[in-house]
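I have placed the structure first, in the form of structure tokens, so that the comments after it can refer back to it.
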Amino acid sequence: MATSYSLLLCFSLCFSLIFISSSQTLFLPLTHSLSKTQFISTHHLIKSASTRSVTRFRRHHHHKKKNSHKHRQVYLPLSPGNDYTLSFTLDSQPIFLYLDTGSDLVWFPCQPFECILCEGKVENTSLASSTPPPKLSKTAAPVSYKSSACSAAHSNLPSSDLCAISHCPLESIETSDCQKHSCPQFYYAYGDGSLIARLYHDSIRLPLSNPTALIFNNFTFGCAHTALAEPIGVAGPTSSTESAHFRKVRS
2 MATSYSLLLC
12 FSLCFSLIFI
22 SSSQTLFLPL
32 THSLSKTQFI
42 STHHLIKSAS
52 TRSVTRFRRH
62 HHHKKKNSHK
72 HRQVYLPLSP
82 GNDYTLSFTL
92 DSQPIFLYLD
102 TGSDLVWFPC
112 QPFECILCEG
122 KVENTSLASS
132 TPPPKLSKTA
142 APVSYKSSAC
152 SAAHSNLPSS
162 DLCAISHCPL
172 ESIETSDCQK
182 HSCPQFYYAY
192 GDGSLIARLY
202 HDSIRLPLSN
212 PTALIFNNFT
222 FGCAHTALAE
232 PIGVAGPTSS
242 TESAHFRKVR
252 S
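First residue of the sequence shown: 2, per the numbering used here; consecutive thereafter.
Below is the structure:
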């Protein structure tokens with residue numbers, strides 16, 4: 002299957018908008034994924050770095066498009082082959098994600114969660130012993146099949162096809178009357194793992210190093226109940242931000 006692309010949260014765009022409206026420096030609370038690791042296999046490190054590098058190159062080479070809109074960029078202190086973690090809260094539930102420059106999707110495990118072949122996949126012991134996968138809050142809502150994020154998650158399928166996948170009757174497809182049907186679940190693959198998820202939108206809170214925090218309203222994310230060799234969610238900074246709105250608030 003073709004991997005989904007051009008999806009969800011583009012951290013660089015969001016943060017560039019913040020810098021346009023504010024001259025203050027923004028510090029992200031990133032944590033190196035190996036900072037608290039006691040036992041690391043050299044073979045595993047080489048394999049992990051090489052597979053992510055190959056995936057990153059193929060994805061950007063294949064999906065490179067000309068962008069007519071130029072935005073100011075925010076550069077994060079990331080080095081090739083290194084993994085960092087990012088944390089935020091969803092309805093007061095802490096969530097930890099890998100920040101992966103080779104990915105274009107923001108997703109995380111949701112209860113109930115089944116992870117196949119995930120034993121020993123988490124190098125960071127603090128993540129391995131972290132809180133269980135979060136539950137969707139009462140304010141979380143499925144993304145509509147008409148959403149551009151839904152189309153991107155399904156390799157830019159037209160809305161009529163997405164409506165059919167959602168078991169919408171033919172007469173409703175012809176009259177574009179499928180409002181009650183949400184975006185169907187999608188498949189996403191990395192170089193060393195994969196997952197099946199469904200799109201939702203909700204508000205999330207991103208804690209910062211200074212007294213302020215970011216709240217992303219109507220934030221779109223993938224909620225995965227099944228994954229292969231991917232026990233921890235991923236935040237892809239190359240994804241889009243069409244439905245992610247934010248505001249600065251005091252902690």
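Glycine included, every Cβ here is placed at the ideal spot set by N, Cα and C. These figures come from a predicted structure and were not determined experimentally.
So, helix, strand or coil for residue i, using DSSP?
i	result
S204	strand
S173	helix
L196	strand
C184	coil
C111	strand
A141	coil
C151	helix
C119	coil
L100	strand
Could you spell out where the alpha helix (DSSP H) holding residue i opens and where it closes?
i	result
L158	Unbroken run through L158: none, as it is neither H nor E.
Evaluate residue i with the Cβ neighbour count: other Cβ atoms within 10 Å of its Cβ, from every protein chain shown; 16 or more gives buried, anything less gives exposed.
i	result
A154	buried
T221	buried
D101	buried
P95	exposed
L171	exposed
S152	buried
T86	buried
Between which residues of its own chain and residue i is the CB-CB distance below 6 Å, once the five residues before and five after are set aside?
i	result
A141	Y201 and D203
T90	R206
G194	L229, A230 and E231
R199	Q186 and C224
K136	Q112
Tell me the residue span of the beta strand (DSSP E) that contains residue i.
i	result
T213	T213 to L229
A236	G234 to A236
S88	Y85 to L91
Keeping to the same chain, check which residues put their C-beta closer than 7 Å to that of residue i; ignore five residues upstream and five downstream.
i	result
P134	P110, C111, Q112 and F114
G237	D101, S104, D105, L106 and V107
S138	L91, D92 and D203
S144	With the sequence shown as reference, residue 144 is identified as Val, and Ser is not the correct amino acid for it. For V144, where only same-chain residues beyond five positions count, the Cβ hits under 7 Å are A150, C151, S183, C184, L200, Y201, H202 and T221.
Between the segment 132-150 and the segment 179-192, do at least 3 Cβ pairs fall closer than 8 Å?
-> yes
Contact between the segment 166-178 and the segment 104-123 (3+ Cβ pairs under 8 Å) | no
Could you say if the segment 217-233 and the segment 189-209 meet the contact criterion of at least three C-beta pairs nearer than 8 Å?
-> yes
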